[in-house]
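Just below is one structure, and these are the notes that go with it.
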Amino acid sequence: MFDIRVPATSANLGPGFDSLGLAVSLYLTLTVKEEAEEWEILHDLGEEIPTDKTNLIIETALSLAPDMKPRKITMVSEVPAARGLGSSSAAIVAGIELANQCADLQLTVDEKIQIATRIEGHPDNVTPAITGDFTVGTVLDSKVYWMKASFPETALVVTIPDKELLTKESRSVLPESLPFKEAVKGSAIANMLVAAVLSGNIEQAGMLMEQDVFHEPYRGALVPELASVRKLGHEWGAYGTYLSGAGTTILTMIHPEKAAAFVAAAKAGIPDSEVKLLQIEKNGVQVIR
Ligand code: HSE
Numbered sequence: 001m002f003d004i005r006v007p008a009t010s011a012n013l014g015p016g017f018d019s020l021g022l023a024v025s026l027y028l029t030l031t032v033k034e035e036a037e038e039w040e041i042l043h044d045l046g047e048e049i050p051t052d053k054t055n056l057i058i059e060t061a062l063s064l065a066p067d068m069k070p071r072k073i074t075m076v077s078e079v080p081a082a083r084g085l086g087s088s089s090a091a092i093v094a095g096i097e098l099a100n101q102c103a104d105l106q107l108t109v110d111e112k113i114q115i116a117t118r119i120e121g122h123p124d125n126v127t128p129a130i131t132g133d134f135t136v137g138t139v140l141d142s143k144v145y146w147m148k149a150s151f152p153e154t155a156l157v158v159t160i161p162d163k164e165l166l167t168k169e170s171r172s173v174l175p176e177s178l179p180f181k182e183a184v185k186g187s188a189i190a191n192m193l194v195a196a197v198l199s200g201n202i203e204q205a206g207m208l209m210e211q212d213v214f215h216e217p218y219r220g221a222l223v224p225e226l227a228s229v230r231k232l233g234h235e236w237g238a239y240g241t242y243l244s245g246a247g248t249t250i251l252t253m254i255h256p257e258k259a260a261a262f263v264a265a266a267k268a269g270i271p272d273s274e275v276k277l278l279q280i281e282k283n284g285v286q287v288i289r
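Numbering (the UniProt record's numbering), first residue to last: 1 to 289.
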């Protein structure tokens, strides 16, 4: 018996659309138990999530190791579904690790990232779920180029509106193309954001996080809470606020000493939302025996 623990992740960080990601301290945990006649994955996450081999985790594992013997598994998840915190990426990464352990595939970190990105479609959630901390990635000719770096110290406050938003729907409001000047501006902002993170300048990184031109201007109407939380962040001296992944979660980075007061203000000021104080998770997927 062993556990597989995968962190939730927050993608984009504003201008780093489909490229930047951060692992955060909420977890999907599988307890992998004895072999059984059929695959069984027990959870209390609702009827829409399958408990048999049609579950995304098992499907992913079987796609890598079709001859794996069925197992009994229990799953506990703190990662809310369809809220922009990487729940499907966590499931895919858990499935890859399940096959890696049960079929002794001996996958490297890079191999896990290549496989997970092929399944998920973009590297920004799966990469930090595998490596932990902050990651930058891009896909060129079907190969993922990625790097992991240490994110500067900050508290993370997530405001999770009480409504789901599927990535597909959130992507459907994005434009087909951007004017050349706008695209150059967006790219330069993202470059500067990565430079600020790598040089440990959290104040500048936070400011740049709020300057996205690729997706937030179009998604703002789907998640009106983004503007309210950002305004609150300015009032409480936060570093920066952005739409986490495709939404609906909004992530605010703030000095740890100011975080508790900001959490209280967000709880009082943003209706129909859950507000949580999190940390950056430095570890990616872990196997615990
Ligand atoms: N980068 C993706 C998006 C993350 O914003 O649509 C969601 O999967």
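For each residue, glycine too, the CB sits at the ideal point set by N, CA and C.
Pairwise C-alpha distance: residue j and residue i
| i | j | result |
| --- | --- | --- |
| glutamine 106 | leucine 98 | 11 Å |
| arginine 83 | methionine 253 | 18 Å |
| valine 93 | leucine 85 | 14 Å |
| glutamate 257 | leucine 42 | 39 Å |
| valine 109 | valine 287 | 13 Å |
| phenylalanine 262 | glutamate 235 | 9 Å |
| alanine 268 | proline 66 | 50 Å |
| methionine 209 | glycine 186 | 11 Å |
| histidine 255 | glutamate 203 | 10 Å |
| alanine 196 | alanine 205 | 5 Å |
| leucine 13 | serine 228 | 17 Å |
| leucine 30 | glycine 220 | 35 Å |
| serine 172 | tyrosine 218 | 10 Å |
| glutamate 164 | threonine 60 | 24 Å |
| residue 290 | glutamate 281 | Outside the modelled stretch of the chain, which goes from 1 to 289, sits residue 290, for which no answer is possible. |
| lysine 69 | glutamate 111 | 23 Å |
| serine 142 | tyrosine 242 | 28 Å |
Selection from the options that minimises the alpha carbon distance to residue i
| i | options | result |
| --- | --- | --- |
| aspartate 18 | Thr138, Ile57 and Pro179 | Thr138 |
| isoleucine 250 | Glu225, Lys148 and Gly21 | Glu225 |
| glycine 240 | Gln101, Leu193 and Ala81 | Leu193 |
| alanine 170 | Asp133, His215 and Glu182 | The sequence given here places serine at residue 170; alanine does not occur at that position. With distances taken between Cα atoms, serine 170 lies closest to His215. |
| glutamate 34 | Cys102, Ile202, Asp133 and Lys282 | Cys102 |
| methionine 1 | Leu165, Lys72, Gly233 and Arg230 | Lys72 |
| lysine 148 | Leu198, Gly245 and Leu140 | Leu198 |
| valine 223 | Pro271, Met207, Glu182 and Gly237 | Pro271 |
| alanine 81 | Ala129, Arg118 and Thr167 | Thr167 |
Buried or exposed by the 16-neighbour rule on C-beta atoms within 10 Å, applied to residue i
| i | result |
| --- | --- |
| asparagine 191 | exposed |
| valine 184 | exposed |
| alanine 11 | buried |
| glutamate 153 | exposed |
| phenylalanine 180 | exposed |
| valine 275 | buried |
| threonine 54 | exposed |
| asparagine 283 | exposed |
| phenylalanine 151 | buried |
| glutamate 120 | buried |
| glycine 245 | buried |
Residue j beta carbon less than 9 Å from that of residue i
| i | j | result |
| --- | --- | --- |
| proline 15 | valine 136 | no |
| proline 123 | glycine 21 | yes |
| isoleucine 4 | valine 32 | yes |
| threonine 127 | valine 144 | yes |
| leucine 26 | methionine 75 | no |
| alanine 90 | alanine 8 | yes |
| valine 158 | valine 24 | yes |
| aspartate 52 | glutamate 38 | yes |
| valine 79 | leucine 28 | yes |
| leucine 56 | asparagine 100 | no |
| asparagine 125 | serine 88 | yes |
Below-9 Å beta-carbon distance, residue i vs any chain D residue
| i | result |
| --- | --- |
| alanine 195 | Looking at the structure shown, chain D is missing, and only one protein chain is on hand. |
Ligand 3 heavy atom lying under 8 Å from the CB of residue i
| i | result |
| --- | --- |
| lysine 69 | Looking at this structure, you won't find ligand 3 anywhere; what it does contain is ligand 1. |
Handout entry: Heavy atoms of ligand 1 versus C-beta positions, residues under 7 Å
Key = Ala11, Asn12, Phe17, Asp18, Gly84, His122, Asp124, Asn125, Thr167, Ser170, Arg171, His215, Gly245 and Ala246
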